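I have placed the structure first, in the form of structure tokens, so that the comments after it can refer back to it.
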DNA sequence: ATTATCTTGCACATTGTTGTGCAAGATCGC
DNA sequence: GCGATCTTGCACAACAATGTGCAAGATAAT
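Protein chains in written order, with the numbering used here: chain U, 2 to 222; chain L, 2 to 222.
Given below as structure tokens:
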């Protein structure tokens, strides 16, 4: 048939619409991180829009979440995957360090991971990452760098949990980039079995963009 | 007035009713640990009863959860509170060890703690515990036993998270008592900054009742 | 300026869950 | 066995959240 009636005037997508779409995604992330069961009302409000408008951009709540998950997993994977794992200890430090650069995405993905149907989906997408981690950790156990009292597979899960744990605490306290960076590296390596002073040696220079102040912990508690 | 009409025959509570009440609580724990949003349907089914019957024992879903929380917090507190904290390292080991003895209650409480309105309630009940932990950890930091790169208050939270993390993983894998015992002690102490070999020295004899086999990890993955 | 696109507000159907009322039946205590 | 207590099944109201339809208004593109 070819309905080639010469398209009247396809006209571009409006700029504010695209911007609102991003607002919604961003709002959804920050809201769902706090309460994974938050309704479309809350998300729309956070985005400064109407519930009806949100449904104009995403046909379903699940579609919205699916998109968050997809971009989150993509960014995390893209951030971690080129991994040079000569020294398992350095590798874990690198992973922790890079993870800290994606805190918001990591946290969103992690929080959603607890909920029912999403956990399976997330596990599926993040499996390659977990395999890399498990390989690195197992190598570390084999080479005697890490603790010997637990199989690599289990230790990998514990390290993963420790990292998420730190990320959670770090954002809760609003740590600076340098603080969070150091905390996640030392804690994951400690969990891997290193003494904290050994672990501290693997804290490289934190990524640029955040010139942390002098006193680190003085301003809190 | 004294309506002393000589109570006709108050007759005791029926035994099966009391038993069903316990069934419901137990079922609620195991169901809510998996899905904190599980409905009364699921709980009743797990208990082998009807939804209507559950409402005969608990006027409200929140009342049911409140009772789980209360007994959970009570048991945890009763298990941990008499704490002899001469050596912070030994104290953490003791806490981890005792915690492992209350896994099911700890996990139930922890999982519920993530959800909205309950988190505040739980934090309130468990605050004395957290204060003890924070005191012990701060002492450990001050005495140089623990890592020096983080204030005691934050380290306490990290250790708490590590413990819950291990408990989670341990029950997920169905570890034996001896395995879980050792795992939680070494992991928490590692998180506190000890090297794993130092931490392993604080694994006392596991509590009686479980004669673990010879090979510990061979039967899994 | 004109037009297509986007937003908004409201009304509405749908669904799932909570909690209640009541009558019939099962079960336990005595 | 008798009687009180407990359970069950069903029906029903209340409520909250999801998703849709439509018309009027705002806004960006050309």
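C-beta atoms are modelled at their ideal positions from N, C-alpha and C, and glycine is treated no differently.
As the structure is a prediction and not an experimental result, all values here were calculated from the model.
Contact under 8 angstroms by Cβ, residue i with residue j
{"i": "residue 130 of chain U", "j": "residue 93 of chain U", "result": "no"}
{"i": "residue 65 of chain U", "j": "residue 111 of chain U", "result": "no"}
{"i": "residue 183 of chain U", "j": "residue 151 of chain U", "result": "no"}
{"i": "residue 70 of chain U", "j": "residue 113 of chain U", "result": "yes"}
{"i": "residue 185 of chain L", "j": "residue 174 of chain L", "result": "no"}
{"i": "residue 155 of chain L", "j": "residue 170 of chain U", "result": "yes"}
{"i": "residue 172 of chain U", "j": "residue 104 of chain U", "result": "yes"}
{"i": "residue 123 of chain L", "j": "residue 74 of chain L", "result": "yes"}
Own chain residues within Cβ distance below 6 angstroms of residue i, not counting five before or after
{"i": "residue 116 of chain L", "result": "37"}
{"i": "residue 31 of chain U", "result": "none"}
{"i": "residue 120 of chain L", "result": "114"}
{"i": "residue 23 of chain U", "result": "none"}
Neighbourhood of residue i by C-beta distance below 8 angstroms, restricted to the same chain and skipping five residues each side
{"i": "residue 213 of chain L", "result": "Summary for residue 213 of chain L: the model assigns pLDDT 46, below 50, so the residue's position carries little reliability; its value from the coordinates is reported in the next sentence. So the qualifying residues of the chain are 177, 178, 179, 180, 207."}
{"i": "residue 160 of chain L", "result": "93, 134, 138, 189, 192, 193"}
{"i": "residue 198 of chain U", "result": "none"}
Between the CA atoms of residue j and residue i - distance to the nearest angstrom
{"i": "residue 1 of chain U", "j": "residue 21 of chain U", "result": "Because chain U here runs from 2 to 222, residue 1 of chain U falls outside it and cannot be looked at."}
{"i": "residue 137 of chain U", "j": "residue 86 of chain U", "result": "7 angstroms"}
{"i": "residue 89 of chain L", "j": "residue 29 of chain U", "result": "42 angstroms"}
{"i": "residue 147 of chain L", "j": "residue 163 of chain U", "result": "17 angstroms"}
{"i": "residue 42 of chain U", "j": "residue 200 of chain L", "result": "49 angstroms"}
{"i": "residue 109 of chain U", "j": "residue 72 of chain U", "result": "11 angstroms"}
{"i": "residue 18 of chain L", "j": "residue 61 of chain L", "result": "18 angstroms"}
{"i": "residue 153 of chain L", "j": "residue 56 of chain L", "result": "45 angstroms"}
{"i": "residue 142 of chain L", "j": "residue 15 of chain L", "result": "55 angstroms"}
{"i": "residue 100 of chain L", "j": "residue 40 of chain U", "result": "36 angstroms"}
{"i": "residue 12 of chain U", "j": "residue 118 of chain U", "result": "39 angstroms"}
{"i": "residue 54 of chain U", "j": "residue 158 of chain L", "result": "41 angstroms"}
{"i": "residue 68 of chain U", "j": "residue 128 of chain U", "result": "18 angstroms"}
{"i": "residue 126 of chain U", "j": "residue 145 of chain L", "result": "42 angstroms"}
{"i": "residue 97 of chain U", "j": "residue 59 of chain L", "result": "46 angstroms"}
{"i": "residue 149 of chain U", "j": "residue 95 of chain L", "result": "22 angstroms"}
{"i": "residue 49 of chain L", "j": "residue 63 of chain L", "result": "20 angstroms"}
{"i": "residue 140 of chain L", "j": "residue 195 of chain L", "result": "15 angstroms"}
beta-carbon residue i near the ligand PLP non-hydrogen atom, thresh 7 angstroms
{"i": "residue 71 of chain L", "result": "This structure lacks the ligand PLP, and indeed carries no ligand of any kind."}
7 angstroms CB neighbourhood of residue i in its chain, flanking five on each side removed
{"i": "residue 3 of chain U", "result": "In this prediction, residue 3 of chain U scores a pLDDT of 47, lower than 50, which makes its location untrustworthy; the coordinate-derived value is nonetheless stated afterwards. Nothing listed; no residue qualifies."}
{"i": "residue 34 of chain L", "result": "108, 109, 112"}
{"i": "residue 187 of chain U", "result": "197, 200, 201, 204"}
{"i": "residue 106 of chain L", "result": "73, 76, 77"}
Should the region 125-143 of chain U be regarded as contacting the region 78-91 of chain U, the criterion being three or more beta carbon pairs within less than 8 angstroms?
In the pairwise beta carbon analysis, the region 125-143 of chain U is classified as touching the region 78-91 of chain U: at least three pairs are separated by under 8 angstroms.
With a floor of 4 residues, list each alpha helix (DSSP H) that falls wholly inside the region 70-114 of chain U, ordered by position along the chain.
The region 70-114 of chain U contains these whole alpha helix (DSSP H) runs: 89-101.
Residue ranges of each alpha helix (DSSP H) within the region 117-203 of chain U, 4 or longer:
117-143, 153-174, 178-193, 197-201
Which ranges does the alpha helix (DSSP H) cover as unbroken runs of at least 4 residues, wholly within the region 10-45 of chain L, from first to last along the chain?
The region 10-45 of chain L contains these whole alpha helix (DSSP H) runs: 16-35.
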